[in-house]
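Below, the structure is given as structure tokens:
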């Protein structure tokens with residue numbers, strides 16, 4: 008088990024008991040329309056997918072917002088050589104699409120990746136060219152369109168640790184003011200083979216709640 012907690016969200020590492028919930032979300036029209044793959048996902052397909060991502064290179068989290076499971080966020084395809092992973096998010100519960108859930112979840116995962124971990128320097132995401140809302144949202148987080156992506160249907164964006172620590176600081180400050188919970192980043196869980204060694208070490212060290220550097224100066 009691996010849990011990241013900050014603001015009003017808990018990001019809970021995906022387990023088998025939540026696969027059907029995620030499958031139903033993923034097959035919903037408002038989610039499918041954001042994806043490059045739009046075929047119906049069966050239970051068998053979902054199980055096969057889970058077996059392929061339940062490892063130390065892929066991190067999928069249920070987004071729990073104010074105690075309710077509302078969506079999924081991920082950092083996948085981790086590469087130690089390149090120091091980056093690829094991110095993604097969707098809100099499965101339609102009534103929470105315009106809540107702070109996605110913002111808080113994105114900040115929490117990025118704060119974990121760029122502040123608590125040391126081995127990741129870059130995050131990448133893919134967004135459909137037609138999804139103007141998602142593009143605008145991720146640009147606010149600091150993501151930038153990579154060269155030669157303008158004509159691609161599924162465009163690749165990139166966010167460096169250095170850029171996030173500049174752009175993301177004001178967003179973290181705003182989140183700390185609006186949220187009902189704590190702005191401290193908290194990590195809970197049990198070390199295991201499905202975690203990177205660095206994450207296991209953080210868990211073994213019982214890393215204390217972490218404040219975002221520079222937040223108190225804004």
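Numbering (the numbering used here), first residue to last: 8 to 225.
For each residue, glycine too, the CB sits at the ideal point set by N, CA and C.
Short check: CB of residue i to CB of residue j, under 9 Å?
i: residue 115; j: residue 192; result: yes
i: residue 220; j: residue 172; result: yes
i: residue 99; j: residue 29; result: yes
i: residue 166; j: residue 150; result: yes
i: residue 83; j: residue 94; result: yes
i: residue 80; j: residue 113; result: yes
i: residue 127; j: residue 74; result: no
i: residue 161; j: residue 43; result: yes
i: residue 7; j: residue 163; result: The chain is shown only over 8 to 225; residue 7 falls outside these bounds and no answer can be derived.
i: residue 211; j: residue 123; result: no
i: residue 103; j: residue 78; result: yes
i: residue 20; j: residue 196; result: yes
i: residue 148; j: residue 180; result: no
Under a Cβ-count criterion, where at least 16 other Cβ atoms within 10 Å of its own Cβ denotes burial, should residue i be classed as buried or exposed?
i: residue 130; result: buried
i: residue 12; result: buried
i: residue 241; result: Lying before the first or after the last residue shown, residue 241 is absent from the chain, which here runs from 8 to 225.
i: residue 183; result: buried
i: residue 199; result: exposed
i: residue 97; result: buried
i: residue 153; result: exposed
i: residue 185; result: exposed
i: residue 47; result: exposed
i: residue 139; result: exposed
i: residue 36; result: exposed
Since residue i sits in a beta bridge, which residues does DSSP pair it with?
i: residue 74; result: Residue 74 is not bridged to any residue.
i: residue 91; result: 86 and 129
i: residue 20; result: 68
i: residue 96; result: 80
i: residue 60; result: None, per the DSSP bridge assignment.
i: residue 151; result: 165
i: residue 134; result: 162
i: residue 9; result: 196
If you reduce the DSSP assignment to three classes, tell me which class residue i lands in.
i: residue 68; result: strand
i: residue 164; result: strand
i: residue 244; result: Nothing can be reported for residue 244, as the shown portion of the chain is limited to 8 through 225.
i: residue 14; result: coil
i: residue 217; result: strand
i: residue 43; result: coil
i: residue 142; result: helix
i: residue 105; result: coil
i: residue 115; result: helix
i: residue 212; result: coil
i: residue 36; result: helix
i: residue 124; result: coil
Could you check whether the Cβ of residue i sits closer than 8 Å to any heavy atom belonging to the ligand GTP?
i: residue 151; result: Among the components of this structure there are no ligands whatsoever, and the ligand GTP is therefore not found.
| said: Runs of 3 residues minimum, wholly inside the stretch 154-205: which ones carry the beta strand (DSSP E) assignment? | reply: Runs of the beta strand (DSSP E) inside the stretch 154-205: 161-167 and 193-196.
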